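Trainee: Can you read through this structure? Questions will come right after.
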Amino acid sequence: MSYSWQIYSVTAIYLCITIIAFVMKWEIGILLLVLFALILCLMVYNINRFLFSVNVVASKLVMNLDSIKEDVFNHNPMGILMYDDEHRVIWGNHSALSIINKNDIVGKKLDQISDEFETVLGFDADWHIMQFAGKMYKIAHKPSLKAIYWIDFEKEYEIIVNKKYNQLVFGYLLIDDYDELVQSLNDQEVADFDATLVTRLNGWAQTFDVYLKRIEDDKYLMLLNKIGLEHIEASEFKFFSELRDEYHSKNTPLSFSIGIAYDNAEQFHISDLAKEAQLNLDLALGRGGDQIVVKSSDESARFYGGETQLQGNRTNTRSKLVYQALTNQIKQASNILIAGHIYPDMDSIGSALGIYKIVTEQRKTAKIIVNEAQFNSDIQQLLSSPQISYNVKNIFLNHDSVREYMTSKTLIILVDHHRPSLSEAKELLVKGYNTVIIDHHRRSEDFPVQTVLTYIEPYASSTGELVTEFFMNMRNTIESLNHFEATALLAGIIVDTNNFSHRTGSRTFDAASYLKGRGADTEQIQRILKEDLALVKKRNQLIEQTEIVFNEYAVSCGTEDQVIDNITAAQAADNMLNLKNVEASFVIYRRSPETIAISARSIGKINVQKIMETLGGGGHLSNAATQINNVTVEEAKNLLLTKIENRRD
Numbered sequence: 024m025s026y027s028w029q030i031y032s033v034t035a036i037y038l039c040i041t042i043i044a045f046v047m048k049w050e051i052g053i054l055l056l057v058l059f060a061l062i063l064c065l066m067v068y069n070i071n072r073f074l075f076s077v078n079v080v081a082s083k084l085v086m087n088l089d090s091i092k093e094d095v096f097n098h099n100p101m102g103i104l105m106y107d108d109e110h111r112v113i114w115g116n117h118s119a120l121s122i123i124n125k126n127d128i129v130g131k132k133l134d135q136i137s138d139e140f141e142t143v144l145g146f147d148a149d150w151h152i153m154q155f156a157g158k159m160y161k162i163a164h165k166p167s168l169k170a171i172y173w174i175d176f177e178k179e180y181e182i183i184v185n186k187k188y189n190q191l192v193f194g195y196l197l198i199d200d201y202d203e204l205v206q207s208l209n210d211q212e213v214a215d216f217d218a219t220l221v222t223r224l225n226g227w228a229q230t231f232d233v234y235l236k237r238i239e240d241d242k243y244l245m246l247l248n249k250i251g252l253e254h255i256e257a258s259e260f261k262f263f264s265e266l267r268d269e270y271h272s273k274n275t276p277l278s279f280s281i282g283i284a285y286d287n288a289e290q291f292h293i294s295d296l297a298k299e300a301q302l303n304l305d306l307a308l309g310r311g312g313d314q315i316v317v318k319s320s321d322e323s324a325r326f327y328g329g330e331t332q333l334q335g336n337r338t339n340t341r342s343k344l345v346y347q348a349l350t351n352q353i354k355q356a357s358n359i360l361i362a363g364h365i366y367p368d369m370d371s372i373g374s375a376l377g378i379y380k381i382v383t384e385q386r387k388t389a390k391i392i393v394n395e396a397q398f399n400s401d402i403q404q405l406l407s408s409p410q411i412s413y414n415v416k417n418i419f420l421n422h423d424s425v426r427e428y429m430t431s432k433t434l435i436i437l438v439d440h441h442r443p444s445l446s447e448a449k450e451l452l453v454k455g456y457n458t459v460i461i462d463h464h465r466r467s468e469d470f471p472v473q474t475v476l477t478y479i480e481p482y483a484s485s486t487g488e489l490v491t492e493f494f495m496n497m498r499n500t501i502e503s504l505n506h507f508e509a510t511a512l513l514a515g516i517i518v519d520t521n522n523f524s525h526r527t528g529s530r531t532f533d534a535a536s537y538l539k540g541r542g543a544d545t546e547q548i549q550r551i552l553k554e555d556l557a558l559v560k561k562r563n564q565l566i567e568q569t570e571i572v573f574n575e576y577a578v579s580c581g582t583e584d585q586v587i588d589n590i591t592a593a594q595a596a597d598n599m600l601n602l603k604n605v606e607a608s609f610v611i612y613r614r615s616p617e618t619i620a621i622s623a624r625s626i627g628k629i630n631v632q633k634i635m636e637t638l639g640g641g642g643h644l645s646n647a648a649t650q651i652n653n654v655t656v657e658e659a660k661n662l663l664l665t666k667i668e669n670r671r672d
């Protein structure tokens with residue numbers, strides 16, 4: 024705040040008083056004038072001394088700042104190095120020279136000083152932890168300033184490593200289908216088989232410092248630390264795939280499913296860790312077995328293995344037990360909402376109609392939630408059948424009417440899918456309704472929370488096959504399927520198996536035989552699945568656009584402005600597998616104005632499910648798909664090629 028106006032005011036008043044004094048009595052005026060002169064001289068003297076003091080202080084401060092600046096730049100423990108446009112060093116402080124362990128670096132190019140600078144120059148402005156010149160540092164590269172900074176991170180890194188040595192990892196190891204493996208062996212052969220296998224497993228455990236304890240005939244408990252897990256993950260669990268291949272060469276179908284869990288929190292409960300490990304094991308089994316799932320409480324799951332198509336050994340007993348549990352859940356509910364996946368196919372609609380039949384036989388109200396705008400032509404033809412067209416309004420429910428239908432005791436039954444993101448009931452699954460899942464796709468990490476019954480059989484050809492088995496096993500306790508329902512279920516099986524050519528087992532034919540006996544009309548199915556000429560041309564156009572990448576992958580792209588249905592794309596992908604040397608095929612197409620879809624197929628050598636999972640999709644080892652929003656066809660293709668290349672590496 025400035026006080027100059029007050030000083031000027033006081034001075035003016037003083038001078039006025041002096042003038043008045045001169046007029047009244049000149050002696051007093053002279054006295055006041057002399058006094059003013061003395062005050063003025065004193066002020067000038069003090070101001071000069073003040074300015075001199077300020078200059079002295081400023082000079083000392085400048086000298087100190089120069090010293091501080093010299094100390095900061097040259098003796099700072101942080102290494103600082105600056106370079107020019109040609110990446111030649113123009114200056115480095117003492118710490119930087121000490122880190123690089125060279126003194127004559129000015130004028131030299133960074134890549135001539137150390138190969139590690141190539142990595143450093145690729146960094147952005149954020150801090151990165153890396154080993155440089157044999158020590159751990161936090162390193163930041165700021166391209167705008169052409170500067171590189173180092174901070175010693177040895178002690179902190181040692182603490183992190185020690186924490187990993189002390190961080191507990193819990194796991195379960197399961198021998199897949201152990202009972203079937205040993206059922207044909209006598210007692211001595213079983214003992215020899217177990218002894219050999221235990222010896223091999225213990226050898227692996229010792230290599231990675233794993234505590235391995237057999238707790239059941241087919242199940243082991245695993246305890247290890249985080250650093251050991253990192254070493255095992257670096258090897259990608261190859262021990263188990265190599266052991267599997269060795270036994271397979273001896274006609275012994277040995278494989279393992281493993282669930283591993285850890286917690287990054289400072290404090291956690293061992294019981295919670297054990298539960299998480301069991302959930303991860305269940306996830307591995309739900310995906311078909313022969314794989315490892317590693318997951319912490321706050322991270323996404325990591326999957327290893329699962330590259331082979333195992334032959335499932337489903338039993339009628341499990342189907343009966345699931346049916347009984349399903350009817351119990353239906354009886355306890357006030358009403359039932361049945362949901363297939365978005366953009367439903369024949370298997371989704373057919374299995375939903377089959378479940379609708381089971382619910383109504385329990386004298387409960389049921390609705391199937393659908394978005395009719397997403398129906399393909401084959402679904403539309405199926406539902407135009409005289410046997411159901413009159414009742415469609417009573418069976419199906421659109422999204423606008425769902426809220427009025429739901430109660431606190433409504434049971435949601437998901438068919439032909441289990442991922443909430445792909446469900447017609449997506450918005451309802453987060454609200455805590457009891458949920459039943461009946462699906463044949465390999466289980467993904469994305470899973471509903473409030474599930475009261477889960478029936479996922481990756482070995483089944485279709486969900487329609489699973490639903491048909493409910494009727495086959497309970498044929499004396501519920502009313503038989505009518506002609507239309509049997510036709511819908513059989514159509515779903517035919518579509519999902521591509522006319523019984525893919526993922527078809529003896530139980531698939533048993534289900535088809537049962538449905539045919541209940542009046543399923545194969546001629547009607549053939550008419551429903553007939554294609555018009557425009558669709559045939561679209562499919563052939565997709566096949567013509569095929570290009571071979573990485574020697575064994577066939578990729579085809581639709582045009583940006585052409586919307587293609589999923590069936591046409593899937594058929595094109597199936598046909599592309601017939602091309603010579605092709606192991607996997609991918610069709611990229613526009614599904615809607617906002618969505619690009621990818622349909623993937625494989626003969627079996629390449630796991631297309633894993634590739635689709637990296638793009639947010641899923642499916643089976645040999646049959647998978649995904650949908651990507653807000654990208655172009657070309658962008659989706661580039662994403663796919665990147666994921667394929669990453670998996671090949």
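With my numbering, letter number 112 in the sequence shown gets 135, and the count goes up by one each step, no holes.
Where a beta carbon is used, it is the ideal one built from N, C-alpha and C, also for glycine.
Given the structure is predicted, the values throughout are model-derived calculations rather than measurements.
Please state whether DSSP places residue 674 in a helix, a strand or coil.
Mentor: Because the chain is modelled from 24 through 672, residue 674 falls outside the range shown and cannot be assessed.
Trainee: Whose C-alpha, out of 345, 294, 491, is nearest the C-alpha of residue 380?
Mentor: Checking every option, the nearest Cα to that of residue 380 belongs to 491.
Trainee: Report all residues from its chain with a CB closer than 7 angstroms to the CB of residue 99; omit the five preceding and five following residues, and keep chain order.
Mentor: Once the five neighbours on either side are set aside, the close Cβ partners of residue 99 are 116, 118.
Trainee: Based on the DSSP output, what are the partners of residue 374 in its beta bridges?
Mentor: Note: residue 374 sits in no beta bridge, so no partner.
Trainee: Which residue spans inside the region 225-291 form an unbroken beta strand (DSSP E) run of at least 3?
Mentor: The region 225-291 contains these whole beta strand (DSSP E) runs: 234-239, 242-248, 279-285.
Trainee: Going by alpha carbons, who is nearest to residue 417 out of 388, 577, 530?
Mentor: The shortest C-alpha separation from residue 417 is found at 388.
Trainee: Residue 650 and residue 618: beta carbons closer than 7 angstroms?
Mentor: Yes, Cβ-Cβ distance for residue 650 and residue 618 is below 7 angstroms.
Trainee: Just checking my contact of residue 353 with residue 359 at CB under 8 angstroms: how many whole Å lie between their CB atoms?
Mentor: Their Cβ separation, rounded to whole angstroms, is 6 angstroms, which keeps residue 353 and residue 359 in contact under 8 angstroms.
Trainee: Taking DSSP as the reference, what is the three-state secondary structure of residue 369?
Mentor: Note: residue 369 maps to helix in three-state DSSP.
Trainee: For residue 428, which residues of its own chain have a beta-carbon under 8 angstroms away from its beta-carbon, when the five flanking residues on both sides are left out?
Mentor: Within the same chain, residue 428 has close Cβ partners 358, 360, 390, 420.
Trainee: Less than 7 angstroms separating the beta-carbons of residue 510 and residue 534?
Mentor: No.
Trainee: What number of angstroms, rounded off, separates the C-alpha of residue 386 from the C-alpha of residue 433?
Mentor: Straight-line Cα distance between these residues: approximately 15 angstroms.
Trainee: Are residue 437 and residue 460 close, meaning C-beta to C-beta below 7 angstroms?
Mentor: Against a cut-off of 7 angstroms, the Cβ pair of residue 460 and residue 437 comes out as a contact.
Trainee: Identify, in the order they occur along the chain, each residue of the same chain with its Cβ nearer than 6 angstroms to the Cβ of residue 270, setting aside the five sequence neighbours on each side.
Mentor: Only 277 meet the Cβ criterion.
Trainee: Check residue 543 in the structure and name its three-state DSSP category.
Mentor: The answer is coil: DSSP assigns residue 543 none of H, G, I, E or B.
Trainee: Would you mind giving the Cβ-Cβ distance between residue 443 and residue 423, rounded to the nearest angstrom? I have them listed as a contact below 8 angstroms.
Mentor: About 20 angstroms; that fails the 8 angstroms criterion.
Trainee: Pick from 191, 198, 236, 121: whose alpha carbon is nearest that of residue 263?
Mentor: Among 191, 198, 236, 121, the Cα nearest to that of residue 263 is on 198.
Trainee: Leaving out the 5 sequence neighbours to the left and right, which residues in its chain are closer than 7 angstroms to residue 673 when beta-carbon positions are compared?
Mentor: The requested residue 673 is not part of the displayed model; the chain covers only 24 to 672.
Trainee: Among the candidates 109, 449, 329, whose CA atom is the shortest distance from the CA of residue 134?
Mentor: Here the closest residue by C-alpha is 109.
Trainee: At what residues does the beta strand (DSSP E) containing residue 115 begin and finish?
Mentor: From DSSP, the beta strand (DSSP E) with residue 115 extends over 112-115.
Trainee: Where residue 221 and residue 193 are concerned, what is the direct C-alpha to C-alpha distance, given to the nearest angstrom?
Mentor: Residue 221 and residue 193: Cα-Cα distance of roughly 19 angstroms.
Trainee: Kindly identify the DSSP beta-bridge partner or partners of residue 153.
Mentor: According to DSSP, residue 153 bridges with 160.
Trainee: Need the endpoints of the beta strand (DSSP E) that residue 175 sits in, please.
Mentor: Segment 170-175, the beta strand (DSSP E) holding residue 175.
Trainee: My output table needs one value for residue 566: the three-state DSSP class, helix, strand or coil.
Mentor: Correct three-state label for residue 566: helix.
Trainee: State the DSSP-derived secondary structure class of residue 482, mapped to helix, strand or coil.
Mentor: DSSP places residue 482 in coil when its eight states are reduced to three.
Trainee: Within its chain, find whatever has a CB closer than 6 angstroms to the CB of residue 247; leave out the 5 residues flanking it on each side and keep chain order.
Mentor: Here the set comprises 192, 233.
Trainee: Write down the C-beta distance between residue 571 and residue 548 rounded to the nearest angstrom, noting that I regard them as a contact closer than 8 angstroms.
Mentor: Between residue 548 and residue 571 the Cβ distance is about 34 angstroms, and since that is not below 8 angstroms, they are no contact.
Trainee: Per DSSP, residue 105 is paired with what?
Mentor: Residue 105 is bridged to 114, 170.
Trainee: Compute the distance between the beta-carbons of residue 304 and residue 195, then report whether it is under 7 angstroms.
Mentor: Yes.
Trainee: For residue 480 and residue 341, I'd like the C-alpha separation in whole angstroms.
Mentor: Their Cα atoms are separated by approximately 11 angstroms.
Trainee: The ligand SAM and residue 493: does any heavy atom of the ligand fall closer than 6 angstroms to the residue's C-beta?
Mentor: Inclusion of the ligand SAM in the displayed structure is not the case, the ligand content being empty and no account of it being possible.
Trainee: Spatial neighbours of residue 323 within its chain, please: CB distance less than 7 angstroms, with the 5 preceding and 5 following residues excluded, ordered by chain position.
Mentor: Correct list, in chain order: 468.
Trainee: Since residue 364 sits in a beta bridge, which residues does DSSP pair it with?
Mentor: Answer is 446.
Trainee: At what residue ranges does the region 559-632 contain a whole run of the alpha helix (DSSP H), taking only runs of 4 or more?
Mentor: For the region 559-632, whole alpha helix (DSSP H) runs of length 4 or above, ordered along the chain, are 589-599.
Trainee: Can you tell me whether residue 409 is buried or exposed? The criterion is at least 16 other CB atoms within 10 Å of its CB, across all chains shown.
Mentor: Residue 409 is exposed by the Cβ-count criterion.
Trainee: Taking the CB atoms as reference points, tell me whether residue 282 and residue 316 lie closer together than 7 angstroms.
Mentor: Yes, these two residues count as a Cβ contact at 7 angstroms.
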